[in-house]
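Here UniProt numbering is used: position 140 in the sequence shown is 140, and no number is missing along the way.
Structure, as C-alpha cells:
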Amino acid sequence: LHDTINGETSNLPLILLQPTPRDPCAARVPMATEVTLRRFDLSDVDAMMAWASDPEVAAFCRWAPFASTETEALLAHIRDTALSHQWYRAICLAGDARPVGSVSLEPTADPCRGELGYVVARAHWGRGVATAAVRAALAAVFGEVEGLARVEALVDVDNAASQRVAEKAGFRREGVLRRHYWHKGRVRDLVVYGFVSGDPLPPS
C-alpha cells in the first residue's frame with residue numbers, strides 16, 4: 001500500500017513516504033540488484049498484511065492500520081486498486097518473489113507529472129530496500145507511463161528518514177510547502193522533491 005498527498009482514495013490504506021531508521025549501510029548496498037519490482041497478485045495478501053496492519057508503518061500515513069483479521073478488505077484493495085492501477089508495483093528482494101513493500105506512481109491533474117509513494121514492511125527497514133525501490137521506480141516510470149516528464153515526492157518535514165531515502169535515490173529537494181497538509185489532527189509542512197526526465201540517477 002502506498003500514498004500520495006493529492007491522489008487520495010477513500011477508505012484505503014495509503015502511505016506517504018514512510019519513516020525508516022538510519023541506514024548507515026545503504027551506500028554499500030548494490031541498489032540495482034537489491035530489489036525487483038513486479039505487479040501484484042491476489043496471492044500477495046498475506047505479505048501485504050505485514051505492513052498494512054503495522055501501526056509503526058502508519059506513523060506518517062493518512063490511513064489507520066488494518067486489523068489482522070481484515071483479509072477480505074485487503075484482498076479487495078489488491079483486486080480493485082493494485083491490479084488495475086497504471087503503475088503500482090510490489091517490492092521484492094532479489095531472488096525472492098514475496099513482496100516486502102510497494103511503490104506506485106499516482107497521476108495528478110497534469111498528465112506530465114506524477115507523485116511517487118512507497119511503503120516497506122518494518123522487518124526490512126534499515127537495509128537500503130526503500131532507497132533501492134525508489135531508484136528502480138525512477139529508472140522505470142518514464143519509459144512506462146506515456147507523457148510523464150516529472151515525478152514528485154512530498155515528505156513530512158519531520159520525516160527525516162524518508163527525506164534521506166528520496167535524496168539517496170536521486171530526487172532533488174526543491175522546497176517546503178508550508179501548512180500544506182492536514183494529517184491526523186494537525187496541519188503539516190511538506191518537503192517537495194522532484195525528479196525530471198533526463199535527471200541522472202545515482203550510481204548503483
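Ideal Cβ positions, reconstructed from N, Cα and C, are used throughout, including at glycine.
Remember, it's a predicted structure, so these values are computed and weren't measured experimentally.
Asked	Found
Suppose you measure from the CA of residue 221 to the CA of Y88; what does that come to, to the nearest Å?	Residue 221 is absent from the model: the chain starts at 1 and stops at 204.
Applying the criterion that 16 or more other CB atoms from any shown protein chain within 10 Å of the CB defines a buried residue, is Y193 buried or exposed?	buried
Quick test of your reading: L105 and V35, contact by CB under 8 Å. State the CB separation rounded to the nearest angstrom.	Not confirmed; about 16 Å, so no contact.
Count the CB pairs spanning the region 71-80 and the region 115-125 that are closer than 8 Å, and state whether there are at least three.	no
At what residue ranges does the region 108-173 contain a whole run of the alpha helix (DSSP H), taking only runs of 4 or more?	129-144 and 160-169
Tell me A175's beta-bridge partners as DSSP assigns them.	Here residue 175 is Gly; the residue named in the question, Ala, does not match the sequence. DSSP, once it has assigned bridges, lists V192 as partnering G175.
Does V45 come out as helix, strand or coil in the three-state DSSP assignment?	helix
Answer yes or no: do R135 and P202 have a C-beta to C-beta separation smaller than 8 Å?	yes
Along the beta strand (DSSP E) that carries T36, what are the first and last residues, could you check?	V35 to R39
Between which two residues does the beta strand (DSSP E) containing A90 stretch?	Y88 to L93
Using the Cα positions of V155 and F195, report the straight-line distance between them to the nearest angstrom.	14 Å
Output the distance between the C-alpha atoms of R38 and A90, rounded to the nearest integer angstrom.	5 Å
Return the chain-ordered list of same chain residues with a C-beta closer than 6 Å to the C-beta of R179, the five sequence neighbours on each side being excluded.	V187
Give me the Cα-Cα distance between E115 and A153, rounded to the nearest whole angstrom.	6 Å
Who does T99 pair with in a DSSP beta bridge?	At residue 99 the sequence reads Pro, which differs from the Thr that was named. Beta-bridge pairing links P99 to C92.
Give the straight-line distance between the Cα atoms of G76 and D54, rounded to the nearest whole angstrom.	Reading the sequence as shown, one finds Ala at residue 76 and not Gly. A76 and D54: Cα-Cα distance of roughly 19 Å.
State the Cα-Cα distance for the pair D189 and A94, rounded to the nearest angstrom.	35 Å
Measure the C-alpha to C-alpha separation of H183 and G170 and round it to an integer number of angstroms.	26 Å
Applying the 10 Å Cβ sphere with the 16-neighbour rule, what's the burial state of L101?	Contrary to the premise, residue 101 reads as Gly rather than Leu in this sequence. When all chains shown are included, G101 counts as buried.
Any beta carbon of chain C sitting closer than 8 Å to that of E70?	In summary, chain C is missing from the structure at hand, where a single protein chain is found.
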